[in-house]
Amino acid sequence: MTATIIDGKAFAARLRGRIAEEVARVKAAGVTPGLAVVLVGDDPASAVYVRNKGRQTAEVGMESFEHRLPDDTAEADLLELIARLNTDPKVHGILCQLPLPAHIQTDRVLAAIDVAKDVDGFHVSNVGLLSTGQKALVPCTPLGCLMMLRAQLGSLAGLEAVVIGRSNIVGKPMAQLLLGDSATVTVAHSRTRDLGEVVRRADIVVAAVGRPRMVPGDWIKPGATVIDVGINRAAGEAGATRLVGDCDFESCAAVAGAITPVPGGVGPMTIACLLANTLTACCRAHGLAEPDGLAA
Ligand code: NAP
Numbered sequence: 690m691t692a693t694i695i696d697g698k699a700f701a702a703r704l705r706g707r708i709a710e711e712v713a714r715v716k717a718a719g720v721t722p723g724l725a726v727v728l729v730g731d732d733p734a735s736a737v738y739v740r741n742k743g744r745q746t747a748e749v750g751m752e753s754f755e756h757r758l759p760d761d762t763a764e765a766d767l768l769e770l771i772a773r774l775n776t777d778p779k780v781h782g783i784l785c786q787l788p789l790p791a792h793i794q795t796d797r798v799l800a801a802i803d804v805a806k807d808v809d810g811f812h813v814s815n816v817g818l819l820s821t822g823q824k825a826l827v828p829c830t831p832l833g834c835l836m837m838l839r840a841q842l843g844s845l846a847g848l849e850a851v852v853i854g855r856s857n858i859v860g861k862p863m864a865q866l867l868l869g870d871s872a873t874v875t876v877a878h879s880r881t882r883d884l885g886e887v888v889r890r891a892d893i894v895v896a897a898v899g900r901p902r903m904v905p906g907d908w909i910k911p912g913a914t915v916i917d918v919g920i921n922r923a924a925g926e927a928g929a930t931r932l933v934g935d936c937d938f939e940s941c942a943a944v945a946g947a948i949t950p951v952p953g954g955v956g957p958m959t960i961a962c963l964l965a966n967t968l969t970a971c972c973r974a975h976g977l978a979e980p981d982g983l984a985a
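As numbered in our numbering, residues 690 to 985 make up the sequence shown, in order.
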């Protein structure tokens, strides 16, 4: 079998097109969705993410507010900025780029963001809403994975899903979303015994580990759908490095029914889902109809 390649780049482009149409509808009702992104420090990778977020936010017609603070910003000053953004009516989504400098307590900062503007979905109240099956803002990366799985498979009800990884930003919310769609969910992690045997049961495999090519093709059930969240640097040709996923793409693609590549799979969906969450937050804040299929 040769797997269908799930083209996350094309999927994300279509999603952004859809969001742009919905933003136009919301603007016609007199509201412009706005996303505030806060970056503390000068981590080059974070700066690139923030730039991309700002560009894509503007491209779909939303307002983008960027706040760049120096590395030595006091936690109290960051909390004060967040308090201002919480009450700013032009801001519907607030994202504080992680990681934060070591002298700032991430949990305190995330807890300070208004739950209704928490477009990263990391606030414990949103985590609780998701896990109790209520309307939440859901972390962007697993939301993107869910959208691609639904598009690929239709109903997920009754399917065996194995999520490898139990982080708060990917593994756990992914498991909750799959449960919400009535899959039978197993969450594997570094202490899981016989991981290969566990993964072989799965109709859906979501790998979110951070270990290059850890999942070989002989762990994959023939025809399974494989979502590879991992982004790892591995040695490429002539001393260069290249990005690879947590799955060994060639051997997995030979067995799977469908698979996301790295790069070009899950990655592009993450920012698109941030825009989707901002639009959702804006619609909820103003009592406007929420577009279908953009939230969990
Ligand atoms: P993380 O917080 O480091 O969590 C990794 C998880 O993998 C942990 O739960 C860990 O188990 C588990 N694990 C580690 N070694 C394992 C092993 N040998 N067997 C089974 N499980 C193992 O990572 P993360 O933030 O979830 O990110 C995971 C990957 O996704 C990374 O490559 C990251 O770069 C990528 N990522 C991509 C996007 C995107 O937009 N595409 C977004 C976020 C993350 P324990 O809990 O037992 O330690």
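For every residue, glycine included, the Cβ atom is placed at its ideal position computed from N, Cα and C.
Whole-angstrom C-beta distance between Asp917 and Ala896, which should lie under 8 Å
5 Å
Excluding sequence positions up to five away, which residues of its chain have a Cβ less than 6 Å from the Cβ of Cys785?
Val727, Val798
How would you label Pro673, buried or exposed, when you count the other beta carbons within 10 angstroms and need 16 or more for buried?
Residue 673 falls outside the range modelled here, since the chain spans only 690 to 985, and no answer is possible.
Reference Cys962, options Ala801, Gly697, Thr691, closest by Cα:
Gly697
Report the residue from Arg707, Thr967, Gly869 whose alpha carbon sits nearest the alpha carbon of Asp809.
Thr967
Comparing C-alpha positions only, which one of Gly953, Ala985, His975 sits nearest to Ile694?
Gly953
Do the segment 807-821 and the segment 836-847 meet, that is, are 3 or more Cβ pairs less than 8 Å apart?
no
Which stretch, first to last residue, makes up the alpha helix (DSSP H) that contains Asp796?
795-801
For a quick check, are the C-beta atoms of Thr914 and Leu842 less than 9 Å apart?
yes
Taking Ser856 as the reference, which of Glu748, Ala872, Val887, Gly899 has the closest Cα?
Gly899
What separation, rounded to the nearest whole angstrom, lies between the Cα atoms of Leu845 and Leu983?
17 Å
Best match in Arg973, Met958, Pro980, Cys971 for proximity to Phe700 [C-alpha to C-alpha]:
Met958
Verify the contact flag: Arg900, CB atom, against every heavy atom of the ligand NAP, threshold strictly below 8 Å.
yes
Just to confirm before moving on: does the CB-CB distance between Pro980 and Gly934 stay below 9 Å?
no
Kindly give me the distance between the Cβ atoms of Ala877 and Val852, rounded to whole angstroms, as I take these residues to be in contact under 8 Å.
7 Å
Nearest by alpha-carbon distance to Pro788: which of Ala734, Pro778, Leu774 is it?
Ala734
Suppose only complete runs of 3+ residues qualify. What are the beta strand (DSSP E) ranges in the segment 910-945, listed by chain order?
914-917, 921-924, 930-933
In three-state DSSP terms, what is Phe754?
strand
Secondary structure, alpha helix (DSSP H): runs of 4+ residues fully inside the segment 807-841
813-820
Nearest to Leu768 by alpha carbon, out of Ala713, Thr795, Glu755, Trp908?
Thr795
Within its chain, find whatever has a CB closer than 7 Å to the CB of Ala713; leave out the 5 residues flanking it on each side and keep chain order.
Gly750
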